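Counted the way the numbering used here counts, the sequence shown spans residues -7 to 291.
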Amino acid sequence: MSELGQHLREAREEKGLSLEDLQRSTKIQKRYLLAIEEGRFDTLPGLFYARAFVKTYAEAVGLDPEPLFDQYRNELPNPQKESIDLPSRSERSKSPVRQSKKSSKAPAFLPAVIALAFLVVIALGIWLVTQSIGGERDAAIAPDPEENVDADFSEGATEPEADEEAEGDQEAANEDAVEEEPAVEEEEEEETSSETSTLNLLNSSGNTSYFELEADRFDVVIQFSDNSYVDVKNGLGNMFFSGQPASGEELEYDFQGEEEVEFNFGASQNVTLIVNDEEVDFPLDIIHQKINITNSVND
């Protein structure tokens, strides 16, 4: 246990508070509170939350956080900032998620097309065979002018039966082709349902709400119903956008690989934030607010 964690734990116990009591008052999960007391800051959802969580913990047990930061600054993590290459404005305006969805549909229908072509070939083969059989039977029962006109033509009665069999086989082949299509659609639904995306609210401090994203992708769409100032940056302070889009405009991003992204909305009532095709409900009922999202997959 670290000295900072020991100090915070003693203050909590003096107040007669359990970790469950502290979880209810701070909105910070119990496992993160325990990690702070044990000095395991690397288990928090991103090292950027260490100071925010410690500050909230200290205030909840009646301590001034600023002297704690000065006294135990060597214990708190200080991640080095690394520069990254930002995509061009034209690349940022594209939606790689939607493009990948469109391109993934072609291979999904390929098995159905192959199966349908195979059934058509079988039906055509059956039809050719039946036509050949019918031609041979017509030649077999052709009357000989030199023979008696009272000859028995009973063999010709089998022709309708052959035609009925061919029609029945072709109808069965068509029914099999129709039944193949729902199977392909079920496979597409299973592939779509396999994608999971969970966005959990951790806590709110001041005008900032902190979320944790558990997903294999990090796609964002920002829609504007009216004018609103907005800036978008990652945890290292690198700016992706800063400006005031007009009503009806839309911003789209693929933040795959980013550990932390923060959205600053000057008029949040005019903004719709969508993460992985799900609209985010703003936790605070205020006009100017920030949404901070940590991608746990990249931790």
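Using N, Cα and C, we set each Cβ at its ideal position, and we do this for glycine too.
Here the structure is a predicted model, which is why all the values come from computation and not from measurement.
Item, Value
"Extent of the continuous alpha helix (DSSP H) to which residue 48 belongs", "42 to 52"
"For residue 279, the first and last residue of its enclosing alpha helix (DSSP H)", "Unbroken run through residue 279: none, as it is neither H nor E."
"Contacts around residue 27, its chain only, beta-carbon distance under 8 Å, and the 5 residues preceding and following it disregarded", "33, 35 and 36"
"Bridge-paired residues (DSSP) for residue 215", "242 and 264"
"Close Cβ partners of residue 17 (< 7 Å) along its chain, the five nearest in sequence each way excluded", "52"
"Nonlocal neighbours in the same chain, by C-beta distance under 6 Å from residue 204, ignoring five residues either side", "37, 192, 194, 286 and 288"
"Contacting residues, own chain, Cβ-Cβ under 6 Å from residue 221 (five flanking each side not counted)", "236 and 258"
"Whole-number beta carbon distance between residue 25 and residue 49, since they are thought to touch under 8 Å", "7 Å"
"C-alpha gap between residue 141 and residue 118, whole angstroms", "For residue 141, the predicted model reports a pLDDT of 42, less than 50, meaning its position is unreliable and no value from the coordinates is stated."
"Three-pair Cβ contact test at 8 Å for the segment 223 to 235 versus the segment 268 to 276", "no"
"Range of the contiguous alpha helix (DSSP H) that encloses residue 2", "-5 to 6"
"Residue range of the alpha helix (DSSP H) that includes residue 10", "Unbroken run through residue 10: none, as it is neither H nor E."
"Collapsed DSSP secondary structure at residue 294 in the structure displayed", "Examination of residue 294 is not possible in this model, given that the chain is present from -7 through 291 alone."
"Buried versus exposed, by CB contacts within 10 Å (16 or more), residue 83", "Any reading at residue 83 must be qualified, since the residue scores a pLDDT of 48, below 50, and its modelled position is unreliable; the value itself is stated next. Exposed is the call here."
"Cβ shell of residue 59 (< 7 Å), same chain only, five flanking positions each side left out", "none"
"Whole-Å CB distance - residue 239 paired with residue 218, under 8 Å assumed", "5 Å"
"Where residue 202 falls: helix, strand or coil (DSSP)", "strand"
"Residue range of the beta strand (DSSP E) that includes residue 223", "222 to 226"
"Terminal residues of the beta strand (DSSP E) in which residue 29 lies", "Segment 22 to 29 is the alpha helix (DSSP H) holding residue 29; no beta strand (DSSP E) there."
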